[in-house]
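Peer 1: Residue numbers (the working numbering): 111 to 493.
Cβ coordinates follow ideal geometry from the N, Cα and C atoms, glycine included.
Bear in mind that the values here come from a model prediction, so they are computed numbers and not experimental data.
I have a structure here, written as structure tokens, and I will follow up with some questions on it.
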């Protein structure tokens, strides 16, 4: 029996001051004044079009992603949240995250975001080394990064994530460690720490940067930095996510636990469990902001809308759940997919025999080897 899981709301704000050469997200370089009012109106229309998928359900988290969402002024964020909360029931204490960049041209006053209802910030720092930042095409420097985080804390934010990358062009082990030391000095609640990868359809994929660390050095960086994070009191709870006690990202946890989410805005993706038809539906929107805005609120704004084939559900579930160190309960697999646990029995047995997964008392957890070979483990469930 397919049981609707917790529901989140993802809001895509697609513009950046400048497109970074490593970025494969749906982001578009700002050219002139941005249509803040028109875009918020389109978001509300898009939300209303999707509401029949989630009538009567409570929203447990909201995430403004991008792009650079903090290019939007606080009053635009406030306008949207007020209109969204008039159409959806927001849970008490609902986590509301806004991605922000450190440059002064890329965010409004943090007091305004806090007053609007944002209670969690995620800063795209990437590095505290100015030379690395230049090679990454970032438009802020380390001084601006530290100043922005402190301004947010002074405004009253205490739930802050810092995004950091390692294995950067020209970076050595000491440089990766220094980035974490400077992050620790800012006392964030959460750190996202992940390796730079050359994604398809990016400038770096077409023209790779010089002096990229080799695989051995990248692995040394990962192990050393994981030890530093552990010593500083951060729990490593997902592939690249580390949190102080009680500060895991609720929105991302809902993704990884195969929860539901409405996705609104240009290029946004959503996933909804439909108990009446016992199906999981994925819906996504047109990528280009102009095309999406002109069609928002109608079926013409959809880039796609389809039910996930039952045969693919185990793979989609594992693609998310096995990112978590906690793994998943077999009861949850059955509730979130509508499939019996026997549907994955053979694959689980194969993974256990290879030392990739541990199954005990109805709970499945990746082993240390399984976490390192995550793609191989998940591929067992792809048919």
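Going by C-alpha to C-alpha distance, which of 237, 419 and 312 sits closest to residue 255?
Peer 2: Looking at the Cα atoms, 237 is the closest of the given residues.
Peer 1: Going by DSSP in three states, residue 111 sits in which element: helix, strand or coil?
Peer 2: Reduced to three states, the DSSP call for residue 111 is coil.
Peer 1: For residue 129, which residues of its own chain have a beta-carbon under 7 Å away from its beta-carbon, when the five flanking residues on both sides are left out?
Peer 2: Cβ within range, chain order: 137 and 139.
Peer 1: Within its chain, find whatever has a CB closer than 7 Å to the CB of residue 450; leave out the 5 residues flanking it on each side and keep chain order.
Peer 2: Result list for residue 450: 444, in chain order.
Peer 1: So the beta strand (DSSP E) residue 236 belongs to, where does it begin and stop?
Peer 2: Taken as a continuous stretch (DSSP letters only), the beta strand (DSSP E) holding residue 236 covers 230-236.
Peer 1: Is residue 504 helix, strand or coil by DSSP?
Peer 2: Past the edges of the chain, shown from 111 to 493, lies residue 504, and the structure says nothing about it.
Peer 1: Please go through the region 166-216 and give each complete beta strand (DSSP E) segment of 3 or more residues, from N-terminal end onward.
Peer 2: The qualifying runs are 168-176 and 199-210.
Peer 1: Between the Cα of residue 373 and the Cα atoms of 123, 423, 114 and 492, which residue gives the shortest distance?
Peer 2: That would be 123, whose Cα lies nearest to the Cα of residue 373.
Peer 1: Rounding to the nearest angstrom, what Cα-Cα distance links residue 346 and residue 352 in this structure?
Peer 2: Roughly 5 Å between the two C-alpha positions.
Peer 1: Distance check for residue 157 and residue 446, CA to CA, integer angstroms please.
Peer 2: Answer to the nearest angstrom: the Cα atoms are 24 Å apart.
Peer 1: Quick one, which of 221, 175, 258 and 173 has its alpha-carbon nearest residue 184's?
Peer 2: Answer by Cα proximity: 221.
Peer 1: Suppose contacts are defined by Cβ-Cβ distances below 8 Å. Is residue 403 in contact with residue 152 by that definition?
Peer 2: Cβ atoms of residue 403 and residue 152: closer than 8 Å.
Peer 1: Is it buried or exposed for residue 463, if we count other Cβ within 10 angstroms and need 16 for buried?
Peer 2: So residue 463 ends up on the exposed side.
Peer 1: Taking the alpha-carbon positions, what's the residue 321 to residue 405 distance?
Peer 2: Between residue 321 and residue 405, the C-alpha separation is close to 45 Å.
Peer 1: Threshold first: 4 residues or longer. Then list the alpha helix (DSSP H) segments lying entirely within the region 312-345, N to C.
Peer 2: You should have 313-316 and 325-341.
Peer 1: Please confirm whether residue 371 and residue 118 have their CB atoms less than 8 Å apart.
Peer 2: Result yes, Cβ atoms of residue 371 and residue 118 sit closer than 8 Å.
Peer 1: Start and end of the alpha helix (DSSP H) containing residue 404?
Peer 2: Its alpha helix (DSSP H) spans residues 399-405.
Peer 1: The beta strand (DSSP E) spanning residue 291 covers which residue range?
Peer 2: Unbroken run through residue 291 is the alpha helix (DSSP H), 283-295; no beta strand (DSSP E).
Peer 1: With H, G and I counted as helix, E and B as strand and the rest as coil, what does DSSP make of residue 267?
Peer 2: Of the three classes helix, strand and coil, the one that applies to residue 267 here is coil, per DSSP.
Peer 1: Does the Cβ-Cβ distance between residue 427 and residue 335 come in under 8 Å?
Peer 2: No, Cβ-Cβ distance for residue 427 and residue 335 is not below 8 Å.
Peer 1: Could you name the residues that DSSP lists as bridge partners for residue 438?
Peer 2: Residue 438 is bridged to 474.
Peer 1: Can you give me the C-alpha to C-alpha distance between residue 396 and residue 407, rounded to a whole angstrom?
Peer 2: Each residue's alpha carbon lies about 12 Å from the other.
Peer 1: Rounded to whole angstroms, what is the Cα-Cα separation between residue 313 and residue 279?
Peer 2: Straight-line Cα distance between these residues: approximately 14 Å.
Peer 1: Look at residue 383 and residue 162 and say whether their C-beta atoms are less than 8 Å apart.
Peer 2: Taking 8 Å as the Cβ cut-off, residue 383 and residue 162 do not qualify as a contacting pair.
Peer 1: What residue range is occupied by the uninterrupted beta strand (DSSP E) comprising residue 505?
Peer 2: Residue 505 falls outside the range modelled here, since the chain spans only 111 to 493, and no answer is possible.
Peer 1: When we look at the beta-carbon of residue 291 and count the other beta-carbons within 10 Å, is it buried (16 or more) or exposed?
Peer 2: With fewer than 16 Cβ atoms within 10 Å of its Cβ, residue 291 is classed as exposed.
Peer 1: So residue 222 is in the alpha helix (DSSP H); what residue range does that whole segment cover?
Peer 2: Start and end: 220-226.
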